[in-house]
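For the sequence shown, numbering that gives the first Met the number 0 assigns the number 175 to the last residue and increments by one with no breaks. Every residue, glycine too, gets a C-beta built ideally from N, C-alpha and C.
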Amino acid sequence: MNSLDDLVSVCIDIEARNYDVSDLSVWLISPNGSRLELTSNNGTGRTGYQQTCFTPTSTDAIAMGTAPFTGEFLPEGPWDNLLGGEINGNWTLRVSDNNGNRESSTLLNWSIEFVARNDISYAWTPAVGLSCDDCPNPELLNTGNVTDTYSITASDQYNCESTAEIAVTNISNIDV
0 MNSLDDLVSV CIDIEARNYD VSDLSVWLIS PNGSRLELTS NNGTGRTGYQ QTCFTPTSTD
60 AIAMGTAPFT GEFLPEGPWD NLLGGEINGN WTLRVSDNNG NRESSTLLNW SIEFVARNDI
120 SYAWTPAVGL SCDDCPNPEL LNTGNVTDTY SITASDQYNC ESTAEIAVTN ISNIDV
């Protein structure tokens with residue numbers, strides 16, 4: 000992850016029925032082990048985090064919010080902790096009870112969303128007679144009679160790949 004523009008949000012829903020929400024710490028751990036403290040020791044009472052999202056664009060610090068936490072917040076730790084690591088891999092959400100009193104809580108769900116940036120490259124076979132060999136929609140340059148089958152392979156920087164074939168028939172002179 001080279002920029003915070005790559006990250007959209009980290010969202011959590013934690014139901015707190017039998018514990019004080021201020022006992023909780025929530026950390027995001029990246030695939031390379033970098034840690035971001037989302038929230039620790041915030042709020043009071045037996046309420047939780049309901050549709051609570053941590054976003055780089057928020058202006059509201061979670062530490063200044065009140066429980067139940069709902070909406071968008073800045074995490075307690077700096078987003079920069081995640082820079083320089085891989086986006087691809089296993090991301091982990093770690094929730095812990097700071098007092099160790101083993102009170103019950105439920106992580107209902109959590110999600111992490113990244114900006115989709117796919118740089119797609121194209122490879123046509125055969126490329127002879129096409130206006131380009133690295134584009135999705137080349138033009139057929141040969142104006143004579145052509146019958147051929149072309150194969151296109153589209154791939155992105157994440158090594159995802161798809162191949163398709165198309166049969167092209169171009170008849171330039173048709174007597175009517």
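Tell me which same chain residues have a C-beta within less than 6 angstroms of the C-beta of Thr162, skipping the five on either side of it?
Counting only residues of its own chain and dropping the five nearest sequence neighbours on each side, Thr162 has a CB closer than 6 angstroms to the CB of Thr152.
From Pro135 to Ala115, what does the alpha carbon distance come to, in whole angstroms?
Taking the straight line from one Cα to the other gives about 19 angstroms.
Tell me the DSSP secondary structure of Trp90 in three-state form.
Three-state result, Trp90: coil.
Assuming the contact rule is C-beta atoms closer than 8 angstroms, Ile28 and Val94 should be a hit. Round their C-beta distance to whole Å, please.
Ile28 to Val94, Cβ: 11 angstroms. No contact.
Through-space distance from Cys159 to Ile165, alpha-carbon basis
CA-CA distance, Ile165 to Cys159, rounds to 20 angstroms.
Check for me: the beta strand (DSSP E) holding Arg116 runs from which residue to which?
No beta strand (DSSP E) holds Arg116; DSSP gives it neither H nor E.
Answer yes or no: do Asn41 and Ile61 have a C-beta to C-beta separation smaller than 8 angstroms?
One thing to note: Asn41 has its Cβ within 8 angstroms of the Cβ of Ile61.
Exposure label - Ile119; buried when at least 16 CB within 10 Å
Counting the other CB atoms within 10 Å of its CB gives Ile119 a total below 16, which places it among the exposed residues.
Contacting residues, own chain, Cβ-Cβ under 6 angstroms from Trp109 (five flanking each side not counted):
Here the set comprises Ile11 and Leu92.
Taking Cβ positions, are Glu36 and Glu75 nearer each other than 8 angstroms?
Remark: C-beta atoms of Glu36 and Glu75 approach each other more closely than 8 angstroms.
Can you look up Leu81 in the DSSP assignment and give me helix, strand or coil?
Three-state result, Leu81: helix.
Thr51 to Phe68 span [Cα, whole Å]
The alpha-carbon atoms of Thr51 and Phe68 are separated by roughly 6 angstroms.
What is the DSSP secondary structure of Leu6, reduced to helix, strand or coil?
In the displayed model, Leu6 falls within a strand according to three-state DSSP.
Cys52: first and last residue of the uninterrupted beta strand (DSSP E) it sits in:
Secondary structure note for Cys52: its beta strand (DSSP E) is the uninterrupted segment Tyr48 to Phe53.
Thr105 versus Asp4: straight-line alpha-carbon distance, rounded:
Those two C-alpha atoms are separated by around 31 angstroms.
DSSP state of Asp132, grouped into three classes?
Correct three-state label for Asp132: coil.
Taking Leu23 as part of the beta strand (DSSP E), name the residues at either end of that continuous run.
Where Leu23 is concerned, the enclosing beta strand (DSSP E) starts and stops at Leu23 to Ile28.
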